[in-house]
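Here the structure is laid out as structure tokens; the discussion comes afterwards.
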Amino acid sequence: MGSRSSRAAVIPDVDSIRRETGFSQASLLRLYQRFRALDRSEKGYLSRMDLQQIGALAVNPLGDRIIDSFFPDGSQRVDFSGFVRVLAYFRPIEDEDTGIRDSKQPEPLNSRMNKLRFAFQLYDLDRDGKISRQEMLQVLRLMVGVQVTEEQLESIADRTVQEADEDGDGAVSFLEFTKSLEKMNIEQKMSIRILK
Amino acid sequence: MLLLLPFDSLLVSLLGLSLTVLFTLLLVFIIVPAVFGVSFGIRKFYMKTLLKIFAWATLRMERGAKEKNHQLYKPYTNGIIAKDPTSLEEEIKEIHFCRKGMETIMDDEVTKRFSAEELESWNLLSRTNYNFQYISLRLTVLWGLGVLVRYCFLLPLRIALAFTGISLLVVGTTVVGYLPSGRCKEFLSKHVHLMCYRICVRALTAIITYHDRENRPRNGGICVANHTSPIDVIILASDGYYAMVGQVHGGLMGVIQRAMVKACPHVWFERSEVKDRHLVAKRLTEHVQDKSKLPILIFPEGTCINNTSVMMFKKGSFEIGATVYPVAIKYDPQFGDAFWNSSKYGMVTYLLRMMTSWAIVCSVWYLPPMTRETDEDAVQFANRVKSAIARQGGLVDLLWDGGLKREKVKDAFKEEQQKLYSKMIVGNHQDRSRS
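Line by line, the protein sequences give chains A and C.
Mapping to this note's numbering: the first sequence position 81 is 81, numbers consecutive.
Mapping to this note's numbering: the second sequence position 63 is 1063, numbers consecutive.
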């Protein structure tokens, strides 16, 4: 009854998504409704345009990089499972996640390491595992628009890379990145709790 | 075949009789009160009965859900995620932006304003059935009965009334237009307009509660209200005599517009004139400065919002310098959702949906008049009026533009954020360089 019924049974591949992401049935339902609300023309997938229309995201300095993280490998569409997979990084860490895990099972998407990996790839544009000075400069330019001069931005980028770079190769590797953030409560700062 | 003949004439005469009875009832109970502006209280009684039925229906569903040991999924409109109240200074900004960006993807303030509001209990309309699955046989029967009543009894009745109302408006205003200008013409024009709007109100079974009617707009003022649907016009105009502002349309709307302007001066713009903001402002200013002319009715949001929030007001009407009379309109979605999602439904589909709902129930608050202070500019004044309307109607006050329904956000907003971030990192860098 009603064309807008969105029961869990309607979500495609709900069981495999649940296993992969760790989201509860209720959370997935809520996210599915959100996916469909963002998909205004009801295509069944989201394009960059759909995400760019979120006003608060378009004005976020990291907005473009966040949107890119939904479209890996040059794809132009993201379906619901891809959508939720990215959001899974921000699932709060609960007790069952930190328990003793079978080492053969992959690390849950919302572990501290994976959260840091997500933040890292916002800067690592070519995905080579290092943030070069050039990449840092490019991302900073994206974030400040025309508000800062080239010289000033270069010195800021230089300093940022130097502070984190330990082995002196002029780039920030993932380990150096995690080291610079080791004191930060990433588990809490990069978690978004979905209300029941 | 010959056997059918006597039954045929009986059937025809029965039909004729019932139609006559129906029309007499219509006339006595609906049209005559509309003409004189009185009410028998039929609609209020209807509303109370419906509420009892809805409460019963929800109880049945809750019982059904408990039997099956599932939680009845109750949708909520407060948001999907828990917002973290930490401020920017306390953390590394980039991580903060990353998190905030993700939050907006999961739930942002604007997207949900452009789809219909979700209800907590079911009102027996399949169009609002989002998650209510536990529907027993009894409920289905009740729903079926509801469909029968709404489509076979209420719909024809409402269409007949709407037809009467609109034709009376067109004919009445044209006739009044032939009279010479003077007190008589004004008096008749006012009452023709009011009468026809009241009939239209009954055509939609709109149950309206007006508050603070002493603040109603006066001549030379501008009436601003939040916009949810085209019905807002009918609701306000049935309680006051306004000059309308709008674009000239073709078809039936055009006929109505041309007839209305014969009886009293409304402000209709050609499509080409609408783009010229100075021309629009000039014509509006001329209108308000003439104290004999009626108060103008304007909806500054520029588009229909789903009645849970008020969006940015366009500053045009606030630059004119007239007294502004704010009005807050809040619909009760329990009986029928009045929001017009123009990207989903056309006008005719929308009107049909309205006429097959149970009723349109709303409250109208007339707020005290406001004028622009000397140290305020038009934008600040517009925001002040908007906050007053949002507060009164219990709606969320948003800074965002209603144009976000269709377009991307303006670059100016993005530049502001970029400036803020730039100041932070440049300042940070300079501090560190010095140390």
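Just so it is clear, CB atoms sit at the ideal spot from N, CA and C, and this is done for glycine as well.
Under the 8 Å Cβ criterion, the region 1259-1266 of chain C counts as touching the region 1189-1201 of chain C, having at least three qualifying pairs. Apart from sequence neighbours up to five positions away, the residues of its chain that approach residue 44/A with a beta-carbon distance below 8 Å are 79, ordered along the chain. Around the Cβ of residue 10/A, a 10 Å sphere holds fewer than 16 other Cβ atoms; the residue is exposed.
Among the residues of chain C, those whose CB is under 7 Å from the CB of residue 145/A are 1415, 1418, following chain order. In the three-state DSSP reduction, residue 1297/C falls in the strand class (E or B). In the DSSP assignment, residue 1360/C falls within the beta strand (DSSP E) that extends over 1360-1366. Beta-bridge partners of residue 1223/C (DSSP): 1297/C, 1325/C. Counted as a single uninterrupted DSSP element, the alpha helix (DSSP H) harbouring residue 66/A occupies residues 63-69.
Close partners of residue 1106/C in chain A (Cβ separation under 9 Å): 30, 31, 34, 87, 90, 192, 194. At a Cβ-Cβ threshold of 7 Å, residue 1226/C and residue 1329/C count as neighbours. Cβ contact annotation for residue 124/A (same chain, cutoff 6 Å, sequence separation greater than five): 131, in chain order. From the listed residues 1420/C, 1062/C, 1351/C, 1324/C, the smallest Cα separation to residue 1337/C is found for 1351/C.
Here residue 1217/C is actually not in contact with residue 1333/C; their C-beta atoms are around 27 Å apart, not less than 8 Å. Straight-line measurement puts the Cα of residue 1415/C at about 9 Å from the Cα of residue 146/A. The C-beta of residue 1239/C has 16 or more other C-beta atoms within 10 Å across all chains shown, which makes the residue buried.
Looking at the DSSP output, residue 1268/C bridges to 1246/C. Boundaries of the beta strand (DSSP E) around residue 130/A: 130-132. Fully contained in the region 1176-1207 of chain C are the following alpha helix (DSSP H) runs of length 4 or more, in chain order: 1183-1203. Residues of the region 117-130 of chain A with a C-beta atom less than 7 Å from some C-beta of chain C are 119, 122, listed in chain order. Secondary structure note for residue 1382/C: its alpha helix (DSSP H) is the uninterrupted segment 1378-1393. Annotation for residue 1233/C: no beta strand (DSSP E) segment contains it, though the alpha helix (DSSP H) segment containing it runs 1231-1237. DSSP lists 1363/C as the beta-bridge partner residues of residue 1209/C. DSSP places residue 1310/C in the strand class (E or B) of the three-state scheme.
Chain-ordered, the chain C residues with CB closer than 8 Å to the CB of residue 156/A read 1425, 1426, 1429. Residues of the region 170-188 of chain A whose Cβ lies closer than 7 Å to any Cβ of chain C, in chain order: 184.
Proximity of residue 37/A to chain C, defined by a Cβ-Cβ separation below 7 Å, is satisfied.
Note that the region 105-117 of chain A touches the region 84-97 of chain A; at least 3 beta-carbon pairs, one per stretch, sit closer than 8 Å. Rounded to the nearest whole angstrom, the C-alpha separation of residue 1256/C and residue 1168/C is 10 Å. The alpha-carbon of residue 13/A is positioned some 53 Å away from that of residue 1223/C. Shown here, residue 1370/C sits in a strand according to DSSP, grouped into three states.
Boundaries of the beta strand (DSSP E) around residue 173/A: 171-173.
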